[in-house]
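Protein chains in written order, with numbering that gives the first Met the number 0: chain W, 0 to 305; chain G, 0 to 305. Positions of the beta carbon are idealized from the N, C-alpha and C atoms, including for glycine. Bear in mind the structure is a predicted one, so any value in this text is a computation, not a measurement.
2 protein chains.
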Amino acid sequence: MNFIEQVRSFPEQILRDKAFQIDRKFNKIVISGMGGSGIVGRIFAELYEQFPVQVISDYKIPDYVDRDTLFIAISYSGNTEETLSTLKQAETLGAQIKTITSGGELGKSGFESVMVPSGMQPRNALGYMLAPLLRSILKLDAEEIKSAASILREIEKKSSYLKEMAENICSDELIPWIVGYEPYIATSYRWKTQFNENGKILAVNSVIPELNHNETMPLKMSYGLKRFYFITLGNPINERTARRLRITSELTGLKFHNVMEAGNTKLQKILSMIHSGDYISYYVSEIRGLDPMDVSLIEELKKRLS
Amino acid sequence: MNFIEQVRSFPEQILRDKAFQIDRKFNKIVISGMGGSGIVGRIFAELYEQFPVQVISDYKIPDYVDRDTLFIAISYSGNTEETLSTLKQAETLGAQIKTITSGGELGKSGFESVMVPSGMQPRNALGYMLAPLLRSILKLDAEEIKSAASILREIEKKSSYLKEMAENICSDELIPWIVGYEPYIATSYRWKTQFNENGKILAVNSVIPELNHNETMPLKMSYGLKRFYFITLGNPINERTARRLRITSELTGLKFHNVMEAGNTKLQKILSMIHSGDYISYYVSEIRGLDPMDVSLIEELKKRLS
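Pasting the structure below:
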């Protein structure tokens with residue numbers, strides 16, 4: 000599959016019926032993963048509230064990991080050194096370990112694994128990596144996931160305004176600044192990383208209401224405001240946050256470019272917004288004439304690290 | 000106290016011997032706080048690994064909060080609406096509740112509280128708000144805190160290079176981009192917010208190793224790289240992360256401006272780095288001829304929200 004075919008496969012990915020078994024009770028979850036794999040944990044954490052979830056994107060896991068911890072290592076390649084380092088520690092501490100990977104060292108580690116199809120860019124396999132968490136832990140039923148998939152299939156058809164936004168961003172060489180809020184906090188980070196990885200441009204994200212406690216003044220008084228393109232994602236769940244967004248726009252005089260959400264449930268909304276971010280970041284790479292698949296610098300980094 | 004006197008009081012603040020009692024066992028901690036109060040929770044979370052800690056900077060707490068949860072509400076003013084909203088929920092869910100505040104609604108809420116001196120900018124009262132967590136939960140001894148304070152007293156004397164950095168940032172109207180890593184992840188966020196609140200300029204932070212999984216390519220290939228001033232904080236704890244930092248600098252050709260750390264223990268290093276951020280952001284406000292205390296837009300926002 001070429002890049003855009005990988006992007007288009009997102010709705011089918013989440014329908015994939017593979018899940019892992021939960022062997023014993025747990026009272027906290029630690030998910031370890033970097034970049035396009037780690038985002039899976041962040042999205043899950045925004046959907047799940049039954050027990051504490053900590054997403055680790057580093058070499059070390061916290062000391063509190065124990066036998067009552069469900070530890071999920073996610074690495075698309077299966078060879079991410081940070082994730083493998085955390086896996087070893089989780090094993091020593093006696094955690095219940097599950098893995099999600101397409102192969103590599105993680106696939107050979109002997110822990111129960113959901114194997115996902117290989118040969119893709121990790122960030123384009125988000126649906127495959129998220130699906131087992133939706134089924135095994137969130138216990139969403141097949142119907143809910145099916146209806147989310149059918150909403151996702153509509154996103155590309157309505158994406159011409161996303162292409163226009165991408166053109167405006169690129170023609171003025173603006174840095175996208177994505178403003179998130181519940182339920183799009185992890186999603187705003189996903190958008191940032193998609194602009195980074197697909198479009199090869201810098202991007203920034205912040206979150207309301209926290210933004211109001213430090214960025215309100217600079218959003219009016221800083222130099223350099225015209226170098227950014229401010230994007231807001233759908234509508235805040237919380238009515239107070241919605242008011243904050245409106246007032247922030249009035250007070251700063253900034254133009255916030257809103258991206259429409261689709262669907263009704265939290266899952267549908269989040270996944271549809273993620274998918275819109277896939278397209279806009281792809282359009283940036285197209286407009287800039289760059290290969291969105293290009294990860295040459297990261298390959299070189301890994302070589303020099305080894 | 001004027002602004003710089005408030006900044007200078009940081010070493011004395013952490014020496015303040017006020018702590019709350021832990022009434023019963025807990026197995027997780029939730030800290031609720033926004034902006035200059037919420038950062039206290041983030042710094043604590045980077046120092047503490049015994050139980051899961053989640054820092055909430057929003058209106059809602061997770062459903063898992065229960066009788067086994069230590070819930071700490073931190074609001075300098077005591078009137079932060081997000082924090083008060085979470086307090087109500089925590090009470091309903093039966094959590095063990097403690098508060099840190101200078102007064103306001105939170106001070107009158109009837110829960111055991113560490114009261115801190117009023118009349119300061121919340122961000123300048125960080126030491127007062129952090130001290131009870133260091134004593135009650137981290138159980139640091141007075142000697143360790145004393146030695147950290149004496150290191151903090153040296154920071155301003157050695158801050159001329161921070162003033163120079165601030166001048167370089169302002170004269171070219173650059174946006175500071177702070178690159179953090181263990182043990183300076185929360186600190187890199189504190190730096191960002193201090194540039195925001197004191198200097199009234201936009202700022203960005205990212206974290207290694209996560210940065211290598213999405214920002215490596217744009218740090219070489221994006222337009223607009225010259226609009227940023229990249230700052231790295233001291234030395235990474237992890238040797239692999241240190242190598243990542245070196246190689247990232249080589250591959251991207253970017254100049255990273257390093258800020259020296261002081262002290263030997265994790266606490267000393269973190270607090271010293273935070274204090275350096277206090278000074279550099281103050282220098283930015285001085286150079287721009289702005290009042291670092293000015294929060295007029297936030298006052299206006301609160302008025303329109305009510």
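For residue i, which three-state DSSP category applies?
| i | result |
| --- | --- |
| Ile-279 of chain G | helix |
| Lys-301 of chain W | helix |
| Glu-111 of chain W | strand |
| Phe-227 of chain W | strand |
| Lys-24 of chain G | coil |
| Leu-218 of chain W | helix |
| Phe-19 of chain G | coil |
| Ser-284 of chain W | helix |
| Pro-121 of chain G | helix |
| Val-6 of chain W | helix |
| Ser-295 of chain G | helix |
| Met-314 of chain W | Because residue 314 of chain W is not part of the residues shown, which for chain W are 0 to 305, the question remains open. |
| Leu-289 of chain W | coil |
| Ser-271 of chain W | helix |
Starting from residue i and walking both ways along the alpha helix (DSSP H), at which residues does that stretch end?
| i | result |
| --- | --- |
| Phe-9 of chain G | 9-13 |
With residue i and residue j assumed to form a contact (beta carbons below 8 Å), what rounded beta-carbon distance in angstroms separates them?
| i | j | result |
| --- | --- | --- |
| Tyr-228 of chain G | Leu-173 of chain G | 4 Å |
| Leu-300 of chain W | Thr-240 of chain G | About 13 Å separates the two Cβ atoms, so there is no contact after all. |
| Ala-94 of chain G | Val-64 of chain G | 5 Å |
| Pro-217 of chain W | Leu-137 of chain G | Going by Cβ atoms, the distance from Pro-217 of chain W to Leu-137 of chain G rounds to 33 Å, so no, they are not a contact pair. |
| Val-6 of chain W | Asn-78 of chain W | Between Asn-78 of chain W and Val-6 of chain W the Cβ distance is about 23 Å, and since that is not below 8 Å, they are no contact. |
| Leu-250 of chain W | Arg-243 of chain G | About 40 Å; that fails the 8 Å criterion. |
| Ala-18 of chain G | Val-115 of chain G | With a Cβ gap of about 12 Å, Ala-18 of chain G and Val-115 of chain G do not count as contacting. |
| Thr-98 of chain G | Leu-105 of chain G | 5 Å |
| Gly-118 of chain W | Thr-82 of chain W | Wrong, their Cβ atoms sit about 19 Å apart, outside the cutoff. |
| Ser-158 of chain W | Ser-275 of chain W | 7 Å |
Does any CB atom of chain A fall closer than 8 Å to the CB of residue i?
| i | result |
| --- | --- |
| Leu-250 of chain G | Absent from the structure is chain A; the protein chains it does hold are W and G. |
Enumerated in chain order, which unbroken segments of the alpha helix (DSSP H) with a length of 4 residues or greater are wholly contained in the region 126-210 of chain G?
141-151, 159-170 and 184-196
Tell me the start and end of each unbroken alpha helix (DSSP H) in the region 29-73 of chain G that is at least 4 residues and wholly inside, in chain order.
34-46
Threshold first: 3 residues or longer. Then list the beta strand (DSSP E) segments lying entirely within the region 81-108 of chain W, N to C.
95-100
Between the region 185-195 of chain G and the region 229-243 of chain G, do at least 3 Cβ pairs fall closer than 8 Å?
yes
Scan the region 230-259 of chain W and note each continuous alpha helix (DSSP H) run of 4 residues or more that stays entirely inside, going in chain order.
238-251
Three Cβ pairs or more, each shorter than 8 Å: is that satisfied between the region 139-153 of chain W and the region 8-18 of chain W?
yes
Under 8 Å: do the region 129-148 of chain W and the region 14-25 of chain W share three or more Cβ pairs, one atom per stretch?
yes
Inter-stretch contact at 8 Å, needing at least 3 Cβ pairs: the region 62-76 of chain W / the region 37-45 of chain W:
yes
Would you be able to state if there are at least three C-beta pairs under 8 Å between the region 166-180 of chain W and the region 191-210 of chain W?
yes
Per the contact definition of three or more C-beta pairs closer than 8 Å, is the region 279-296 of chain W in contact with the region 191-198 of chain W?
yes
For the region 44-53 of chain W against the region 53-62 of chain G, do three or more pairs of beta-carbon atoms, one drawn from each stretch, fall closer than 8 Å, so that the two count as touching?
yes
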